[in-house]
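Going by the working numbering, the residue at position 23 of the sequence shown is 34; the numbering climbs one at a time, nothing skipped. Cβ atoms here follow ideal geometry from the backbone N, Cα and C, with glycine treated the same way. Here the structure is a predicted model, which means the values were calculated and not measured. The structure under discussion appears below in the form of C-alpha cells.
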Amino acid sequence: MDRISELLYKKIIGEIDSSELAELERWATTDSSRRLLDSTTDYEKMREVWLRRGMVDSRRALEDMNRRVAKINRPRRYRRLAIAASFLIGIVGLTLLYRNLNGGDLILDEPSVVVAELDDIKPGQVKATLTSSTGETVFLASNEVGQPIDQAQHKLQTEKNIEELNLDVPRGGEYMIVLEDSTKVWLNSQSQLRYPSTFAENERRVGVTGEVYFEVKKDENRPFYVETEGQVIRVYGTEFNVKAYEDEGTIYTTLENGSISLRRKGINDGELYLAPGHQARLNLNESKIDMLVVDTEAITGWRHGRFVFEEQRLEDIMRDLSRWYDFDYRFDAPELKDVVFKGSIPRYGDFTTALAIIETSGNISFTLDEGMVVIDKQI
C-alpha cells in the first residue's frame with residue numbers, strides 16, 4: 012500500500028509518468044479502489060475535505076494553507092502541492108485505510124501517529140462522538156460543526172424516543188453545536204455535554220464535564236441549568252465558561268456577559284450571583300467557593316484560537332497543552348511545575364512553536380523519551 016500512496020501523491024502533484032500511471036490504473040480494478048482513486052485525485056473535492064477536517068473556522072484553514080503554499084518554491088504547482096501536502100500527510104509512508112464513501116465524501120480512518128519527534132505532535136481537530144441513551148453512536152467531524160442538534164440526532168437510527176444524549180469530545184478535539192432551544196455550546200478537548208433531545212416545558216437542564224463555553228438563549232419560562240460535579244449553575248440568558256475537569260479538583264465558572272448564579276449540590280446555603288468579569292472557584296476537596304475578578308478574554312482564549320496564560324504554573328499549562336495536542340508528559344525536574352508564566356501561545360500553531368515560546372521564558376528544555384514529552388532544566 013505504501014507504493015500506491017506514492018503513486019497517488021505523484022499523480023496529484025503532476026509528476027507521475029506513463030508507466031506509473033498504468034500501474035495505478037491496474038491497481039484500481041475494483042469498485043472500492045476506483046472510487047478511492049477518483050476521490051483522491053479530484054482536487055476540488057480534496058480541498059473541500061481538507062477544509063472540513065482542519066479547524067473550526069474555514070478561514071483559519073485557508074490561512075494555514077496559504078502559509079504552506081508560501082513555503083513552496085514551485086509557483087506553477089502551488090495549489091496542487093498545498094492540497095496534496097495537507098491531504099496526504101497521513102497517507103504517504105503510512106497505510107491508507109478507508110471504510111466507505113458516504114455521499115461522495117471520502118471517509119478515512121484516523122492514522123495511528125507514532126510520536127518519534129516533537130514535530131509529530133499536532134494540534135487538535137474538530138471531532139466528537141454523539142451517543143444516545145440506547146447506546147447508538149454517531150461520529151461527528153468538522154463538516155458537521157455548529158449544526159442544530161436535531162440534524163445530528165437524525166443519524167441515530169432507532170425506533171425508540173431518544174431521551175438522553177452525550178456529546179463527547181476526546182483529547183485532541185473540539186466541537187461546537189447548537190441545542191434544540193438555539194443555545195450555542197463550544198466544547199474544549201476531553202469534555203462531555205449531557206442533555207435531553209428535547210428540553211422540558213418548565214426548564215432546560217444539561218450536565219458538563221471538562222471545559223465548555225455557553226451562549227444561552229434567554230427563555231424566561233424555562234430557566235437553564237448547568238450541572239457539574241459539586242455545583243449547579245442557573246443561567247439567566249448569558250455567555251459564560253465552565254472548566255470542570257475531573258483531575259483538577261477545582262471548578263472554574265467565569266461570566267463574560269449577562270447573569271448567572273450557582274449553588275453547591277446538596278447544600279442549602281443560598282445562591283452566589285456572578286457579575287460579568289468575575290470567576291467563581293469551587294474547591295471540591297474543601298467545598299469552598301472563592302470569587303475573583305479576572306480577564307475573561309484570557310479565560311476564553313481557547314475558543315478564539317489562543318492559549319492565554321495569566322500567572323499560571325507550568326504544570327497547569329502542560330496539562331492544558333496535553334489535552335489539545337494529545338500527548339503524555341512527565342517532569343524530570345519537579346521544581347519546574349511551580350514556575351509561573353504570563354503570555355499566550357497560538358492554539359493552532361505547531362507544538363514545537365508552543366514549546367519554543369516556553370523555553371525562551373525560562374531555563375527549561377523539552378525532549379522526547381519513547382513518545383513522552385520530558386520537561387527538564389536546560390543543561
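| Would you say residue 199 and residue 142 are within 8 Å of each other, going by their C-beta atoms? | Here the question's residue 199 lines up with position 188 in the sequence shown. Here the question's residue 142 lines up with position 131 in the sequence shown. No.
| query | Does DSSP put residue 270 in a helix, a strand or coil? | reply | Against the sequence shown, residue 270 aligns to sequence position 259. Residue state, collapsed to three classes: coil.
| field | Straight-line Cα distance separating residue 246 from residue 6 | value | A query on residue 6 cannot be resolved here, the shown segment of the chain reaching from 12 to 390 and no further.
| query | I think residue 318 touches residue 356, with their Cβ atoms under 8 Å apart; what is that distance to the nearest whole Å? | reply | Reading the sequence shown from its first residue, position 307 is the one you call residue 318. Reading the sequence shown from its first residue, position 345 is the one you call residue 356. Confirmed, about 4 Å.
| Neighbour-count burial assignment, residue 358, 16 or more Cβ in a 10 Å radius | Counting from one through the sequence shown, the residue named residue 358 turns up at place 347. So residue 358 counts as buried.
| In terms of residue numbering, what span does the beta strand (DSSP E) encompassing residue 303 cover? | Here residue 303 refers to the residue found at position 292 of the sequence shown. Element bounds for residue 303: 299-304.
| Residue environment, residue 157, which counts as buried when at least 16 other CB atoms sit within 10 Å | Indexing the sequence shown from 1 puts residue 157 at position 146. Residue placement at residue 157 is poorly supported in this model, since its pLDDT is 47, which falls under 50; the coordinates still yield a value, given next. By the neighbour-count rule (16 or more Cβ atoms within 10 Å), residue 157 is not buried but exposed.
| field | Test item: CB-CB of residue 186 and residue 138 under 8 Å | value | For this step, residue 186 is matched to residue 175 along the sequence shown. For this step, residue 138 is matched to residue 127 along the sequence shown. In this structure, residue 138 lies closer than 8 Å to residue 186 by Cβ.
| request: Note down the Cα distance separating residue 40 from residue 360, rounded to an integer number of angstroms. | output: Position 29 of the sequence shown, counted from the first residue, corresponds to residue 40. Position 349 of the sequence shown, counted from the first residue, corresponds to residue 360. Spanning the two alpha carbons is a distance of roughly 41 Å.
| request: Report yes if the C-beta distance between residue 129 and residue 379 is below 8 Å; otherwise report no. | output: As a first step, residue 129 is located in the sequence shown; it is residue number 118 there, counting from the start. As a first step, residue 379 is located in the sequence shown; it is residue number 368 there, counting from the start. Yes, they are a contact pair.
| task | With distances taken Cα to Cα, identify the nearest neighbour of residue 203 among 140, 242, 236. | result | For the purposes of this step, residue 203 is identified with residue 192 of the sequence shown, where counting begins at 1. Minimum Cα distance to residue 203 is reached at 140.
| task | Please confirm whether residue 268 and residue 239 have their CB atoms less than 8 Å apart. | result | Here residue 268 corresponds to residue number 257 of the sequence shown, with the count starting at 1. Here residue 239 corresponds to residue number 228 of the sequence shown, with the count starting at 1. For residue 268 and residue 239, no; Cβs fall outside 8 Å.
| query | Are the beta-carbon atoms belonging to residue 265 and residue 252 less than 8 Å from one another? | reply | In the sequence shown, counting from the first residue as 1, residue 265 sits at position 254. In the sequence shown, counting from the first residue as 1, residue 252 sits at position 241. It is a contact, given that the beta carbons lie within the stated cut-off.
| query | How many Å lie between residue 49 and residue 14 at the Cα? | reply | Within the sequence shown, residue 49 is the residue found at index 38, counting from 1. Within the sequence shown, residue 14 is the residue found at index 3, counting from 1. Residue 49 and residue 14 have their C-alpha atoms spaced approximately 17 Å apart.
| field | DSSP beta-bridge partners of residue 141 | value | The count along the sequence shown starts at 1 and reaches residue 141 at position 130. According to DSSP, which records beta bridges pairwise, residue 141 is partnered with 149, 178.
| request: Quick one: residues in its chain with C-beta nearer than 7 Å to the C-beta of residue 213, no 5 flanking neighbours on either side, listed in chain order? | output: The residue you call residue 213 lines up with position 202 of the sequence shown. Cβ neighbours of residue 213 beyond the five flanking positions: 233.
| Does DSSP classify residue 195 as helix, strand or coil? | Counting from one through the sequence shown, the residue named residue 195 turns up at place 184. DSSP places residue 195 in strand when its eight states are reduced to three.
| Whose C-beta lies closer than 8 Å to the C-beta of residue 328 among residues of the same chain, with five residues either side of it excluded? | Taking the sequence shown and counting its residues from 1, one reaches residue 328 at position 317. Excluding sequence neighbours, residue 328 sits near 318, 320, 352, 369.
| said: So, at 8 Å on beta carbons, what are the nonlocal neighbours of residue 289 in its own chain, with the 5 sequence-adjacent residues on each side left out? | reply: As a first step, residue 289 is located in the sequence shown; it is residue number 278 there, counting from the start. 265, 266, 302, 303, 304, 305, listed in sequence order.
| request: Under 8 Å Cβ to Cβ from residue 296, same chain only, skipping five residues before and after it: list those, please. | output: Numbered from its first residue, the sequence shown carries residue 296 at position 285. The residues are 260.
| field | For residue 390 and residue 344, believed in contact at Cβ under 8 Å, the rounded distance | value | Looking up residue 344 in the sequence shown gives position 333. Looking up residue 390 in the sequence shown gives position 379. The Cβ separation is near 11 Å, so there is no contact.
| Taking the alpha-carbon positions, what's the residue 242 to residue 286 distance? | Numbered from its first residue, the sequence shown carries residue 242 at position 231. Numbered from its first residue, the sequence shown carries residue 286 at position 275. Between residue 242 and residue 286, the alpha-carbon positions lie close to 18 Å from each other.
| request: From the DSSP output, read off the bridge partner residues of residue 202. | output: Counting from one through the sequence shown, the residue named residue 202 turns up at place 191. DSSP output for residue 202 lists 180 as bridge partner(s).
| Counted within 10 angstroms of its Cβ, other Cβ atoms place residue 33 as buried (16 or more) or exposed | Position 22 of the sequence shown, counting from 1, holds the residue named residue 33. Residue 33 is exposed by the Cβ-count criterion.
| When you compare only the Cα positions, how much space is there between residue 16 and residue 35? | Working through the sequence shown from its first residue, we reach residue 16 at position 5. Working through the sequence shown from its first residue, we reach residue 35 at position 24. For residue 16 and residue 35, the gap between their C-alpha atoms comes out near 10 Å.
| request: Could you tell me which residues DSSP puts in a beta bridge with residue 136? | output: The residue you call residue 136 lines up with position 125 of the sequence shown. Note: residue 136 sits in a beta bridge opposite 184.
| request: Would you list the one or two residues that DSSP bridges to residue 9? | output: Here the chain comprises residues numbered 12 to 390, so residue 9 is not present and cannot be evaluated.
| Excluding five sequence neighbours on each side, which residues of the same chain lie with their C-beta closer than 8 Å to the C-beta of residue 174? | Working through the sequence shown from its first residue, we reach residue 174 at position 163. Taken in chain order, the residues that qualify are 144, 207, 208.
| query | From this set, 342, 354, 346, 347, which residue's C-alpha is nearest residue 384's C-alpha? | reply | Along the sequence shown, read from residue 1 onward, the residue named residue 384 stands at position 373. Comparing Cα positions, the closest option is 342.
| query | Nearest-angstrom Cα distance between residue 308 and residue 315? | reply | Numbered from its first residue, the sequence shown carries residue 308 at position 297. Numbered from its first residue, the sequence shown carries residue 315 at position 304. Taking the straight line joining both Cα atoms gives about 9 Å.
| request: Assuming residue 282 and residue 273 form a contact by the criterion Cβ under 8 Å, report the distance between their Cβ atoms to the nearest whole angstrom. | output: By one-based count along the sequence shown, residue 282 stands at place 271. By one-based count along the sequence shown, residue 273 stands at place 262. Indeed, because the Cβ distance is near 7 Å, the residues count as touching under 8 Å.
| Same chain only: Cβ atoms within 6 Å of residue 226, ignoring 5 sequence neighbours per side | Indexing the sequence shown from 1 puts residue 226 at position 215. Cβ within range, chain order: 195, 250.
| Could you check where the alpha helix (DSSP H) with residue 331 kicks off and where it finishes? | Against the sequence shown, residue 331 aligns to sequence position 320. Note, residue 331: alpha helix (DSSP H), 325-336.
| task | For residue 210, name the three-state secondary structure that DSSP assigns. | result | In the sequence shown, residue 210 corresponds to position 199, counting from 1. DSSP places residue 210 in coil when its eight states are reduced to three.
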